[in-house]
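Per full-length UniProt numbering, numbering through the sequence shown is continuous, rising by one, with the last residue being 692. Yeah, the Cβ is synthetic: ideal placement off N, Cα and C, and Gly gets one too.
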Amino acid sequence: MADSLVIVESPAKAKTIGKYLGKKYIVKASMGHVRDLPKSQLGVDVENYYSPKYITVRGKGNILTELKKARKKVKKVYLAADPDREGEAIAWHLAHSLDVPLTEKCRVVFNEITKDAVKNAFKTPRNIDMDLVNAQQARRILDRLVGYGISPLLWKKVKKGLSAGRVQSIAVKLVIDREKEIRQFKPEEYWTVTAILIKNSDTIEAKFVGYGKEKKELKNEEEVHRLLEAIKGKRFRVESIKESQRRRNPAPPFITSTLQQEAARKLRFRAQKTMAVAQQLYEGVELGKQGSTGLITYMRTDSTRISATAQEEAAGFIRDTYGEAYLPKKPRTAKKKSNAQDAHEAVRPTSVLRTPASLKEYLSRDQLRLYRLIWERFVASQMASAVLDAVAVDIRVGEAWFRANGSKIKFPGFMKVYVEGSDDQKAKEESFLPALEVGEYLKKKDIVPKQHFTQPPPRYTEARLVKTLEEQGIGRPSTYAPTLHTIQRRGYVLLEENRFIPSELGEIVIGLMEEFFPEILNIEFTVNMEADLDQIEEGRLNWVHILDQFYKPFQQRLGKAEEEMEEVKVKDEVSDELCEKCGSPMVYKLGRYGKFLACSAFPDCRNTKPILKQIGVNCPKCEKGQVVERKSTKRKRTFYGCDQFPECDFVSWDRPVPQKCPRCGSLMVEKKKKNGTLIQCTQCNNEEEQEN
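In structure tokens, the structure reads:
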């Protein structure tokens, strides 16, 4: 007979832990929170020390009943929710609902769901940490006061269904501020001149640097013509060769934000998907005879710290697999960031010996791809630095100065396993130069002048926005993915070509908040609030006092806004199209997955249709239609098809381009490569640089 009840959040976690604990334990899932603030009212008594009014979460009544029945059959209850503030609050709510005294040592926490970690956690249960609970309560109540204070005002003055929140409002403001920079940006012209030189059968690319010993930027075509005249008929001579060696260190193991960023870059995962798949890997996956096994450590963390045991196991694996030379002279230790809570280890595999190849038959495609990313990043983080030989060759032609740069990998080190991705589209693969000697002349093959214009700062991708939020100290690991999801769901931002642009609605709402609630959008205020929440967690500040400091001036601003804020009507943008059912103009509407067209005669006519975005390419199959951008129904993935569908069934996951293959005349499409975007023929696989 079982004598203990263990409660976790999910059935997957329950199954994995149950396997490790044995028959003396009943393991059940609460399916997350069982109590929360009511949705229909504020639920906070501000006159009575901000006392929250908790109610049973709708749909959790049967779960609570089942847990109470199980509770009566055992002597001991253990609450094993996730090891963070949210998990502590879930444990506290469960203790209240099941009449578990707070004096009882009922709380068990573990950073990884492995047999040793789980069994050790149950040897040292502790009391529920009320400082952690109070920090979570303070955040929840603070967000409720802001949301339920400003949202009804926005409903009344702007549009029904709107909401406002601390972190989400700053995220939207960041997107809007970036858009303003782009609108105000004035491009400046500049030119590059590249000499294509030959030595034997090797090609060398050298770029113009300046005249004599002075660097010179080419700002217009006239300056380019002067350069070309100056070097006309002159020979290219190698003046100097500078060789150097540089070391490249590996990136540290993942924290929540860097995991989301890298999964976006390399796997094209949205932040919410990354966290959902990581949760599955953490809670446990069926591994044949091994049963359900937790594969990674807890994925909500801001620390790059790893345990000595994990480090030793990694060192042994690297030594056996790659050799002693691939180990650093001493184990790597990551520096703690100033604003990091450092409550948990970095995101890493629970055992480095579970290689991605060994798990291939047990994991789904998405699970395997994310696990491989986490595994490779962790292994690489424990490996020796890479050593690169770099060569800079200065070449003279008359008074003009050109430079060719090249490098090669002398020792790959960690790069044998993993190289961190980059948001920089200009990143290129390593280039190599042939052996050259000072004083030798190189044959000119071509001179290529090219006009450029400076570019505005790029719009935020999910990865860039998460990185910015983290760098600014806004939010915490658990808030990034929900924040990005919320600002899109509310229609404050749109995601076009994987980049955020603000909607008109978003700009209106943030404009009103800047006028009436500037502190909510003040980054320093939000950062200080996060620091206060951290100090509540550490038992240094009183949570009621912090709420009181915020709420009294906020309440005064609410009153002023109620009186002075003018109503703003968001008008639907009228399109050029007419409804094919009733003839009324079609208007642009914003839905869950972006803009669509709807009949302006709604509700009398409910006709809607997607917006077809032409890309300037004729359909290669029927030759009558235009290729348009579409979204797949299930995953909302971008693809390209003929606008004459269903008469023409042409589709392509890759974006077609107007130019035809110079070899066979077939359709060419864009292909993402390590050195940028190339275009590739769909028939003969010929690759070309894309025309500007």
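- CA-to-CA, the gap between residue 140 and residue 158 works out to about 25 Å.
- With respect to residue 238, residue 442 sits close: the two C-beta atoms are nearer than 8 Å.
- Shown here for residue 554: same chain residues with a beta carbon closer than 8 Å to its own, the five before and five after excluded, namely 145, 146, 149, 517 and 519 in chain order.
- Ranked by Cα distance from residue 602, the options 299, 572 and 526 are led by 572.
- Residue 4: member of the beta strand (DSSP E) spanning 4 to 8, first to last residue.
- Secondary structure at residue 292: strand, using DSSP grouped into helix, strand and coil.
- If you look at residue 325, you'll find it isn't in any alpha helix (DSSP H); DSSP assigns it neither H nor E.
- For secondary structure counted as the alpha helix (DSSP H) over 4 or more consecutive residues, the stretch 506 to 580 holds these complete runs in sequence order: 523 to 537 and 543 to 564.
- Under DSSP, residue 642 shares a beta bridge with 627.
- The stretch 11 to 27 and the stretch 114 to 128 touch, with three or more beta-carbon pairs separated by less than 8 Å.
- Annotated three-state conformation of residue 115 is helix, per DSSP.
- Per DSSP, the unbroken alpha helix (DSSP H) holding residue 378 starts and ends at 365 to 381.
- For residue 618, no alpha helix (DSSP H) run applies; the uninterrupted beta strand (DSSP E) run containing it begins and ends at 613 to 618, by DSSP.
- About 4 Å separates the CB atoms of residue 382 and residue 314; that is less than 8 Å, so the two are in contact.
- For the options 47, 14, 58 and 134, the alpha carbon positioned closest to that of residue 535 is the one of 134.
- Counting along the chain, residue 433 sits inside no beta strand (DSSP E), nor does DSSP assign it H or E at all.
- With a cutoff of 8 Å on beta-carbon distance, residue 581 and residue 261 are scored as not near each other.
- Here DSSP, grouped into helix, strand and coil, assigns residue 191 to strand.
- If you draw a 10 Å sphere on the C-beta of residue 303, you find 16 or more other C-beta atoms in it, and that means buried.
- Residue 202 is bridged by DSSP to 199.
- Under the DSSP assignment, residue 147 falls in the alpha helix (DSSP H) whose first and last residues are 130 to 157.
- Annotation for residue 444: the continuous beta strand (DSSP E) segment containing it runs 441 to 453.
- Under the three-state reduction of DSSP output, residue 76 falls in the strand class.
- In the three-state reduction of the DSSP assignment, residue 242 falls in the strand class, which pools E and B.
- Assigned with DSSP and collapsed to three states, residue 20 falls in helix.
- With the rule of 3 Cβ pairs closer than 8 Å, the stretch 457 to 476 does not count as touching the stretch 535 to 547.
- Between residue 193 and residue 154, the gap from beta carbon to beta carbon reaches 8 Å or more.
- The DSSP-derived three-state label of residue 44 is strand.
- Annotation: the continuous beta strand (DSSP E) that includes residue 401 extends over 400 to 411.
- When Cβ pairs closer than 8 Å are counted between the two stretches, the stretch 279 to 293 is seen to touch the stretch 354 to 370, the count reaching three or more.
- In the structure shown, residue 659 falls within a strand segment according to DSSP collapsed to helix, strand and coil.
- Look at the beta carbons and you see the stretch 204 to 213 touching the stretch 398 to 411: at least three pairs across the two are nearer than 8 Å.
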